[in-house]
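A short write-up of the structure that comes next.
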Amino acid sequence: MKVIVVVSAKGGVGKTTLAANLASVLASSGRRVIALDLDPQNALRLHFGVPLDSIDGLSRATLSGDAWQSVMFDGVDGVTVLPYGAVLEDDRRRFEAYVDHEPHWLAHSLSTLRLDASDIVVIDTPPGSSVYTRTALCAATFALNVVLADAASYAAIPQMERMIEAYAAPRPDFGGVGYVINQVDQSRQLTKDVLKVLRHLLGEKLFPGVIHQDEGVSESLACDTTLIHYDPLSQAAADFRACSQWLMSRVDSIAVSPGSVV
Amino acid sequence: MSTPQSRSSEPAVEPSRLERVVDARLWSSTPVVVCLTLFALVILYFVFTVPLEFSEQLTFATCCFICALLFRRLQGRYATLVMIMLSIVASGRYMYWRLTTTTYWEHPLDAIWGLLLVSAEVYSTIVLLLGYFQTAWPLKREPMPLPADRSAWPTVDVFIPTYNEPLSVVKPTIYAALALDYPTDKLSIHVLDDGRRPEFKAFCEGVGVHWTIRTHNRHAKAGNINEALKITSGEYLAIFDCDHIPTRSFLQIGLGWFLRDKLLSMLQTPHHFFSADPFERNLGTFRKVPNEGELFYGLVQDGNDLWNATFFCGSCALLRRSMVEEIGGIAVETVTEDAHTALKLHRLGYTTAYLAIAQAAGLATESLSGHIGQRIRWARGMTQIFRIDNPLTGKGLKIGQRLCYLNAMMHFFYGVPRLVFLTAPLSFLFFGAHVIEAAAGTIAIYALPHMMHASVTNSRMQRLFRHSFWAEVYESVLASYITAPTLLALINPKLGKFNVTAKGGQIEKNYFDWAISRPYLFLLLLNLLGFITGLVHIYLNLGVRSEVQTTILNLAWTGYNMLILGASVAAASERRQIRAVHRVAMKMPVMLKFSTGRTLACQTIDYSEGGVGVELPASIQVPMHERVTVSLFRGDEEYAFPATVGFSAPGRVGLRFDEMSREQEYDFVKSTFARADAWMGWAEGRQQDTPLRGLSHVLLVGVRGIAGLFEHLYGDLRGFTRGRPIDVKKLETKKD
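Chains as they are written, first to last, in the numbering used here: chain A, 1 to 262; chain B, 263 to 998.
Written as structure tokens, this is what we have:
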């Protein structure tokens, strides 16, 4: 089981969209993929055609002690979707307190699913520092940090690095962090300049391509699907494919490296 | 010669038994070599001279040819060497027989024609043998990497000499020079403007390169470079003709050998052309049949490299400043300053090198007349060198170098021999002259092996760079023009004049160049008359067997000559060029972004300075005049260009760029012409050459040329009878 946690220090960078599309591409390439939503916005499911009025999710299941299997949905491409679930404010606080008290809750819960070594869990998290990001990092095999080619994203990189340093890096089975630059429009000079700086700063950890800004990405969400179904010929779909390939080569190389424990 | 140790380190490739025998150490000891050489020469003398009866010669020749065909099935260079040897045997026997038994002429007329033909044959045989020597073992040099530490890299001056070419032609070259992957503090770019034009000055200052001028224009390009040498100081010079656009990797790929070989004075890379030359355009062979220059840059230069005799070709080359200065700069005595410069460097004992990797590309000559003008200059220049600084004599050259230079110069004397071959059978058909005093059958069993071995062997050696029988076409077109300048220059090197080839123009209409094709038309007419005379002659002498045989032999020769001339005529039939800018076919990733914000990931079909052609997936069609942003990629870099749809079809779209800023023009050159892999795989998809396939292709082109000629003639005559003045520019022809 490979747990890929999609994180970012800053909101609005297209994290959920990226997580959903990567999960979709990975599943269509023949791997078993579970898309797990740890963001109270509960938006990941919408990319996979889970009905808008559905309130089931892992938050409610955890609080009521139900098995995760009872809240799993079969999404497009055979992605198994585990939504966050719709909860009242009190329940959310209870759930967060529980997760805060049990940082390894997620890792334990995942281990009960008895997944194969090659199966992939893609976890979407809320932006910035939170109990969700912490518990996700405690279970992560690989952290994927989504950034934009702008100054705010650049400035927020160290914050996320500190969290990864604290929660994920000490574990021997943690495979490292990768960066993806999202929503790039290279007709803007500022974008080009920041890209140069980011490439220099992040070096090998950075996905060598970028994810281009593409109207089709938002349109696909409006149609309850992912981009590779909505507009498979678009540049962003090509970018998602390239990114998932890069991601898999990174993640699969973790298993073969000696000393790692799965 | 590789030792067993070095071979064992090479993985997988098991040397063949033949190669193991040839690579044995025994052969490298001097006494063995001397004894074997003497022995081989004696044997060769016997093989050439031993008299054989008709049936014996026939058997011997057949056996030799079957051997050659069997060896042709084997891979590797040793099999090629065996084929060369068999070819030399066949040619040697033929020439010995030809010179000793067929040169007793009864009539003075026979003697004149006969002597001309014999001389032409001797010439071709010498050039054949020199060619074997020159290209038997191409060196296939690999690039030598520069040291990892960039601070150890030498300083380089890039020279771009220009005289009257428009700025639009020179701009891409300047941008590409700026895009060279090299530390900027070690690179200095100079545009050597002999036209001293203000717009060049403004542009150069704008993009940050040196605009270098002088007060006079003495010695044209060579003088221009020599003046620039005085005011620059880089350790090396890279010279690019103003329309040769280098790739970004040029310096890094080329400079390594200079650091390794301290005697290396010059490194040449191929001249690659991304537009069709007149032959390719008018004969429809662009990228299908290797063009005239490919033999030289693909094989001859690589063969020269083995003998340390690579020639400097004036552009796309690197030179070591100290050595160029030692010979007094670029040579100015002849109109081919480049070849003479290399000769001078060789005389001082310096080495030269050739890298057969296209690292720059340019426009081919536009029209046939321009092309011919350029070849005349080369032929004159090489003849001048032959006269004033003959490579056979003088100090400093090794025998291999002398022979390579000799072949390079002899090659340009093909004018007279080619004309003799094109007219020789006519002497019999018109005047009944027996130029070869032998029966037709005997001629066949000696001459045919000579020609067939040469064809098969050359096809094997040159198949990637020159298809069989195409040399005949190229030479026939040029022969009438090259003859006088070479002969004049041979008499007095000063005769003749320098001319600059016009490039970047456009042929507006289809037309037939009557003026340039006058010699071929004349020869064609002669051959046609000869052919008819021959037919009549056969009809009148049906009873005399020997007469009929001889006439048929001459008729076959005349028929062949007519078709070769037909191909020459076809080359003079100028086809209209559809666009002013040339499209370069190249597949590379491209992103289209539409005004809706949606995108498409596609591949380019081609690019030109004005836009790109893009292949759309799944037969998508884009509306005309739609605004699109085109993104081209180079490694990590992405360059976005605003464009408009100018052509649209299902699955294809042509995009015209909007007016580009300087920055964008620079980005465009970086992401297209200057790509390191821009000219790789140029010959992909070509048909494999065999002698028969080459022959049938050439003959087909010849038939089409003659048919086309009559079409033009008909069209032009109609125009004439309607009372319009003949204006070649207005003549319409069949559109294809």
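Even glycine gets a Cβ: it sits at the ideal position worked out from N, Cα and C. Predicted, not measured: the structure shown is a model, and the values here were computed from it.
Chain B residues whose Cβ lies nearer than 7 angstroms to that of residue i
| i | result |
| --- | --- |
| A:R199 | D898 |
| A:D150 | Per Cβ cutoff of 7 angstroms: no residues; A:D150 is ~17 angstroms from chain B at best. |
| A:E215 | T858, G859, R860 |
| A:A290 | Since the first and last residues shown for chain A are 1 and 262, residue 290 of chain A lies out of range. |
Residue i - partner residues in DSSP beta bridges
| i | result |
| --- | --- |
| B:V890 | B:F856, B:A905 |
| A:H212 | A:V184 |
| B:L499 | B:D419, B:L581 |
| B:E900 | B:F895 |
| B:S910 | B:V915 |
| A:F142 | A:I4 |
| B:M714 | Per DSSP, none; premise fails for B:M714. |
| A:I34 | A:T80, A:V121 |
| B:T342 | B:T342 is not bridged to any residue. |
DSSP-derived helix/strand/coil call for residue i
| i | result |
| --- | --- |
| B:T866 | strand |
| B:I650 | helix |
| A:N182 | strand |
| A:H229 | helix |
| B:L787 | helix |
| B:H506 | strand |
| B:S835 | strand |
| A:G11 | coil |
| A:E161 | helix |
| B:L726 | coil |
| B:K540 | Reading off the sequence, residue 540 of chain B comes out as Pro, not Lys. Here B:P540 sits in helix by DSSP. |
| B:T474 | strand |
| B:D447 | helix |
| B:H481 | coil |
| A:I123 | strand |
| B:L408 | coil |
| B:P953 | helix |
| B:M671 | helix |
| A:I4 | strand |
| B:M850 | coil |
| B:L442 | coil |
| A:L52 | coil |
| B:V877 | Here residue 877 of chain B is Glu; the residue named in the question, Val, does not match the sequence. It is a strand residue. |
| A:L198 | helix |
| A:G203 | helix |
| A:S111 | helix |
| A:Q41 | coil |
| B:V884 | coil |
| B:M824 | helix |
Contact list for residue i against chain A, beta-carbon separation under 7 angstroms
| i | result |
| --- | --- |
| B:M853 | H212, Q235 |
With 16 other Cβ atoms within 10 Å as the buried cut-off, status of residue i
| i | result |
| --- | --- |
| B:N761 | Any answer about B:N761 is weak, because its pLDDT of 47 lies below 50 and its placement is not dependable; what the coordinates show is given next. The residue is exposed, with fewer than 16 neighbouring Cβ atoms inside 10 Å. |
| B:S835 | buried |
| B:R582 | buried |
| B:N754 | exposed |
| B:M886 | exposed |
| B:M942 | exposed |
| B:W819 | buried |
| B:F793 | buried |
| B:E315 | exposed |
| B:W732 | buried |
| B:Y307 | exposed |
Closer than 8 angstroms at the beta carbon, the chain B residues around residue i
| i | result |
| --- | --- |
| A:D231 | R860 |
| A:P208 | D898 |
| A:A222 | None at all; the shortest Cβ gap to chain B is about 13 angstroms. |
Partners in chain A for residue i, counting only beta-carbon separations shorter than 9 angstroms
| i | result |
| --- | --- |
| B:S893 | Q186, S187, H212, Q235 |
Short of 8 angstroms Cβ to Cβ, which residues in the stretch 332-361 of chain B face chain A? From the stretch 332-361 of chain B, no residue has a Cβ closer than 8 angstroms to chain A.
The stretch 170-188 of chain A: positions lying closer than 7 angstroms to chain B by Cβ: Against chain B - using a Cβ distance shorter than 7 angstroms - the residues of the stretch 170-188 of chain A are Q186, S187.
Selection of the stretch 857-887 of chain B by Cβ proximity to chain A, strictly under 7 angstroms: Cβ contacts with chain A come from T858, G859, R860, T861, L862, A863, P879, A880.
According to a CB-to-CB cut-off of less than 7 angstroms, which residues of the stretch 898-912 of chain B neighbour chain A? The stretch 898-912 of chain B vs chain A, Cβ under 7 angstroms: D898, E900, A902.
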